[in-house]
Amino acid sequence: MIACCIFDLDGVVVDTARYHYLAWAELARSLGFEFTPEQGEATRGVSRMASLDIVLRAGGMQGRFSAEERERLAARKNARYLEYVSRMTADEVLPGVVRFLGELRARGVKVVLGSASKNAGTILDRCALRPLFDAVVDGTLVTRAKPDPEIFVRGAELAGVRPADCVVFEDAAAGIEAAARAGMRSVGVGGSPTLAAATMRLRSFEGFAFEMLAAGVEPRS
Ligand code: BG6
Ligand code: MG
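Those letters in the sequence shown? Residues 2 to 222, per the working numbering, in order.
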């Protein structure tokens, strides 16, 4: 039975993963090194401070900054990220997402957001997405980052649904692992080879329907 679907935000509902990357790459450049898109992949689904560590390591600068300086660097990245986000519109919601969320709710399936981002609320409002969710769990409500299952466990609690009746949609390996540790099925979104452990895989929500999810049918890509 599927009573609840929990959606990651960045890279699943909206394409903000590229804004996170651009903001980290600009920070890296200001520190004197390049941060490539390939290196940026490792920050997907990872918390802000853990992402900063990945960036600093890529530039050989790990261990160079005090805790206070690291906070300042992360704040600089976030300010730049928010500049990108403040220009977002509903057009940036990924194809097929709004229709699929509507289909779930029409069938009585609870729709929950489960994002590590502290900026999730801002993005939901910018893109007029908030009314499509029954509950929202974001980085301001949890203390443990994915792959810890806390975000998804909280989501299921808010929806009043058992973990075994939840399906998580994720674009990051850390999120697929978090779903498994929460006792939930998962759908790996976007086609990255790192999503092999997901219960099923999906390139895009375009043409995807609840029947296919319930039957475990992976659309041909
Ligand atoms: C995740 C993103 O959703 O949120 C990560 O995939 C990001 O790239 C993390 O680092 C934290 O986001 P924020 O907006 O709180 O810095
Ligand atoms: Mg993501």
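Cβ atoms here follow ideal geometry from the backbone N, Cα and C, with glycine treated the same way.
Buried or exposed (CB count within 10 angstroms, at least 16 for buried), Val218:
Taking the first residue of the sequence shown as 1, we reach residue 218 at position 217. Residue environment: Val218 is assigned as exposed (fewer than 16 neighbouring CB atoms within 10 Å of its CB, all protein chains considered).
Cα-Cα separation between Ile3 and Glu212, rounded to whole angstroms:
As a position in the sequence shown, residue 3 is number 2, starting the count at 1. As a position in the sequence shown, residue 212 is number 211, starting the count at 1. Near 11 Å, if we compare the C-alpha coordinates of Glu212 and Ile3.
May I have the straight-line CA-CA distance separating Val112 from Asp172, to the nearest angstrom?
If you number the sequence shown from 1, residue 112 lands on position 111. If you number the sequence shown from 1, residue 172 lands on position 171. One C-alpha to the other measures close to 17 Å.
Three-state secondary structure (DSSP) at Glu171?
Start at 1 with the first residue of the sequence shown, and residue 171 comes out as number 170. If DSSP states are grouped into helix, strand and coil, Glu171 belongs with the strands.
Stretch pair the segment 20-35 + the segment 186-201: three plus CB contacts closer than 8 Å:
Counting Cβ pairs under 8 Å, fewer than three are found: no touch.
Assigned secondary structure, Ala199 (DSSP; H/G/I helix, E/B strand, else coil):
For the purposes of this step, residue 199 is taken as residue 198 along the sequence shown, with counting starting at 1. Coil.
Taking 6 Å as the limit, name every residue whose beta carbon sits nearer than that to some heavy atom of the ligand MG, in sequence order.
That query returns the following residues: Asp9, Asp11, Gly12, Val13, Arg45, Gly46, Asp172 and Ala173.
Counting pairs of Cβ atoms below 8 Å between the segment 133-153 and the segment 117-124, do you hit three or more?
In short, these stretches touch, since the Cβ pair count reaches three.
Phe101 versus Met62: straight-line alpha-carbon distance, rounded
Along the sequence shown, one-based indexing puts residue 101 at 100. Along the sequence shown, one-based indexing puts residue 62 at 61. Using only the alpha carbons, I get a separation of about 43 Å.
Please list the terminal residues of the continuous alpha helix (DSSP H) segment that includes Ser31.
Position 30 of the sequence shown, counted from the first residue, corresponds to residue 31. Here the alpha helix (DSSP H) through Ser31 covers Ala18 to Ser31.
Looking at C-beta atoms only, is the number of pairs between the segment 6-16 and the segment 161-169 that lie closer than 8 Å three or more?
Short answer: they touch.
Using only alpha-carbon positions, find the residue among Pro96, Leu57, Gly176 and Ile177 that is nearest to Lys78.
In the sequence shown, residue 78 corresponds to position 77, counting from 1. Taking only the C-alpha atoms, the option nearest Lys78 is Leu57.
Beta-carbon proximity list for Leu95, same chain, < 8 Å, skipping 5 on both sides
Stepping through the sequence shown from its first residue, residue 95 is reached at position 94. Counting only Cβ-Cβ distances below 8 Å, and skipping sequence neighbours, we find Val13, Val14, Val15, Asp16, Ser205 and Phe206.
So, at 6 Å on beta carbons, what are the nonlocal neighbours of Ile152 in its own chain, with the 5 sequence-adjacent residues on each side left out?
Locating residue 152 in the sequence shown gives position 151, where the first residue counts as 1. Only Gly115, Val138 and Val143 meet the Cβ criterion.
Starting from Ala68 and walking both ways along the alpha helix (DSSP H), at which residues does that stretch end?
For the purposes of this step, residue 68 is taken as residue 67 along the sequence shown, with counting starting at 1. Note, Ala68: alpha helix (DSSP H), Ala68 to Val86.
Extent of the continuous alpha helix (DSSP H) to which Val94 belongs
Locating residue 94 in the sequence shown gives position 93, counting from the first residue. Unbroken run through Val94: none, as it is neither H nor E.
Out of Ser52, Leu10 and Gly46, state which residue places its alpha-carbon closest to the alpha-carbon of Leu28.
Within the sequence shown, the letter at position 27 stands for residue 28. The candidate whose alpha carbon is nearest that of Leu28 is Ser52.
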